[in-house]
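Structure first, then comments.
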Amino acid sequence: MSVKGVTPIENTLEINWQGDQKSIYHNIWLRDNCHCSECYYPITKQRLLNSATIDINIKPKSVNVKEGKVEIVWDTDHSSTYDVDWLRIHSYNPRLIPLDKKLKDDDDVLKQKLWQVKDIKDDLPQVDYNKIMQSSDETDNEEAIKEWLLQIHKFGFSLINNVPISPTDTEKLCEKLNYIRPTHYGGFWDFTADLSKNDTAYTNFDISNHTDGTYWSNSPGLQLFHLLYHDGKGGTTSLVDSFKCAEILKAKYPESYEIFCKIPVPAHSAGEPKVCIQPDIPQPIFKLDHQGKLIQVRWNQSDRSTMDYWENPEDVIKFYKAIKNWVEIITSPENELWYQMKPGQCLIFDNWRIFHSRSEFTGQRRLCGAYFERDDFISRLKLLTLGREAVLDSI
Ligand SMILES: [Fe+2]
Ligand SMILES: [Zn+2]
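Residues in the sequence shown are numbered from 1 upward in steps of one, following my numbering.
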């Protein structure tokens, strides 16, 4: 896109784009985002300038457009050069490119595919352990890792086949994906149903659909499981695409959807004698971004604390009705995919989107796995799929 004209107006600069569009930028904003070597460290993309030192009423002395750049000499004699593409990507008045599409082409590449059981049951997303372990983004051999990350992001889960039945190899697989998130359960965990940690996960009870870690301000982004051993019956896992279910709830019970976007839900983890973890700010079940797009579902009936803060007490009944409507949808056979974990096959899922559950079981069962941070995952996903240049252009 090229620039037709540039006009300073009071404390702003108006850029007229080829066609009818125009963007207005504040002078102080432009000055603050100067990318010259005095103001900006290009290697790390960090600001060197102290923004407090800029005069609020700073004005350009001259403005020139040439060869895809806008050059401004300020009344302080400092000169700044802006790439036209950069100005367009970051145009905020008006926003020309939707925030979630700031990265070139990412709308298609990174689009999530929401599913119901019929869409996915005959073709479960899966990859091969050996291909993953041989893949690396340091050599020219990153395809398998990239496909794996994309699969996890698109469908919300992935099965990894041919994993050696050992915790050590499972941990190596985790480290191949990203940093393991340490918690009060440890980093990489390996447990049997012996109540070694005081949480229902360490029992043989039936555990209904949920996400993990609603009691943390930042719930784990991903979780990986490997069932190493089971000599009894039961213990089946179900997977539910809660984003698809939220779409259904919104269409069928709009008031319940609104309530889930609004009411903060406190949660806790208090089984261990030395912890009582609670988020600083209780968060709603549906977390939306600034454009109203659903980005996280926090759902865990067991870990929900006493809800004794209600801005409007009449919301109490609406909230419990919403729970009924929601549970009807997330436990419907159309949405609940039953899957039997087995030694040699790992399951990884997006804990901000996919619910998991476990039916009651008998016998001895040994399970290992780990949590990962969402930001680490998204960082690697974007860099591998979109390329470093496109990602850095958008920051
Ligand atoms: Fe869980
Ligand atoms: Zn500068």
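Think of the CB as a built atom: it goes at the ideal place given N, C-alpha and C, for glycine as much as any other residue. Please read these numbers as outputs of a predicted model, since none were measured by experiment.
Quick check on D105: does DSSP put it in helix, strand or coil?
For the purposes of this step, residue 105 is taken as the residue at position 105 of the sequence shown. At D105, the pLDDT of 47 sits below 50, so the modelled position is not reliable and the matter cannot be decided from this model.
Could you pull out every unbroken alpha helix (DSSP H) segment of at least 4 residues lying fully inside the stretch 132-200, listed in chain order?
143-155 and 167-177
Quick one: what does DSSP say T237 is sitting in, helix, strand or coil?
In the sequence shown, counting from the first residue as 1, residue 237 sits at position 237. In this structure, T237 counts as strand in the three-state DSSP scheme.
Confirm the yes/no value for this check: CB of H210, any heavy atom of ligand 1, distance under 7 Å.
Translated into the one-based positions of the sequence shown, residue 210 becomes position 210. H210 Cβ: within cutoff of ligand 1.
Name the two residues that bound the continuous beta strand (DSSP E) containing R365.
On the sequence shown, residue 365 is found 365 positions in, with the first residue counted as 1. R365 -> beta strand (DSSP E) spans R365 to F372.
What do you get for R95, buried or exposed, if any count of 16 or more other CB atoms within 10 angstroms of its CB means buried?
Here residue 95 is taken as the residue at index 95 of the sequence shown, counted from 1. By the 10 Å Cβ count, R95 comes out exposed.
Cβ-Cβ distance between H210 and S357 below 8 Å:
Translated into the one-based positions of the sequence shown, residue 210 becomes position 210. Translated into the one-based positions of the sequence shown, residue 357 becomes position 357. Taking 8 Å as the Cβ cut-off, H210 and S357 qualify as a contacting pair.
Quiz: which residues have CB nearer than 6 Å to ligand 2 non-hydrogen atoms:
C34, C36, E38, C39, H78 and S80
Using a threshold of 7 Å, is the CB atom of H226 nearer than that to any non-hydrogen atom of ligand 1?
As a first step, residue 226 must be located in the sequence shown, where it is residue number 226. No, Cβ of H226 sits at least 7 Å from all heavy atoms of ligand 1.
Rounded C-beta distance between H159 and L381? I'm assuming under 8 Å.
In the sequence shown, counting from the first residue as 1, residue 159 sits at position 159. In the sequence shown, counting from the first residue as 1, residue 381 sits at position 381. In the sequence on display, residue 159 carries Leu and not His. With a Cβ gap of about 18 Å, L159 and L381 do not count as contacting.
heavy atom of ligand 1 below 7 Å from H356 C-beta
Here residue 356 refers to the residue found at position 356 of the sequence shown. Yes; taking the cut-off as 7 Å, the Cβ of H356 has a heavy atom of ligand 1 nearer than that.
To the nearest angstrom, how far is the alpha carbon of Y82 from that of S332?
Mapped onto the sequence shown, residue 82 falls at position 82. Mapped onto the sequence shown, residue 332 falls at position 332. Approximately 54 Å, taken between the alpha carbons.
Beta strand (DSSP E) segment containing N64, residue limits:
Position 64 of the sequence shown holds residue 64. Per DSSP, N64 belongs to the beta strand (DSSP E) from P60 to K66.
Quick one: residues in its chain with C-beta nearer than 8 Å to the C-beta of S51, no 5 flanking neighbours on either side, listed in chain order?
Here residue 51 is taken as the residue at index 51 of the sequence shown, counted from 1. Around S51: D32.
With DSSP run on the structure shown, which of helix, strand or coil describes K287?
As a working mapping, residue 287 is identified with position 287 in the sequence shown. Note: K287 maps to strand in three-state DSSP.
Closest Cα partner of H226 within the set N325, E171 and V6:
Within the sequence shown, residue 226 is the residue found at index 226, counting from 1. H226 has its Cα closest to that of E171, out of N325, E171 and V6.
Pair within 8 Å by beta-carbon distance, N351 and V117
In the sequence shown, the residue the question calls residue 351 occupies position 351. In the sequence shown, the residue the question calls residue 117 occupies position 117. No, the pair does not count as a contact, with Cβ atoms beyond the cut-off.
Given this structure, state the Cα-to-Cα distance separating K59 from V84, to the nearest angstrom.
Your numbering for residue 59 matches position 59 in the sequence shown. Your numbering for residue 84 matches position 84 in the sequence shown. Whole-angstrom Cα-Cα distance: 20 Å.
Of the listed residues R365, T12, G5 and H26, nearest to F205 (C-alpha basis):
Translated into positions along the sequence shown, residue 205 becomes position 205. Answer by Cα proximity: R365.
Go ahead and label S379 buried or exposed: buried means 16 or more other beta carbons lie within 10 angstroms of its beta carbon, across all protein chains shown.
As a working note, residue 379 is residue 379 in the sequence shown. S379 should be labelled exposed.
Got a sec? Which residues, its chain only, sit under 7 Å from I259 by beta carbon, not counting five neighbours each side?
Position 259 of the sequence shown, counted from the first residue, corresponds to residue 259. Same-chain partners within the cutoff: D315, K318, F319 and A322.
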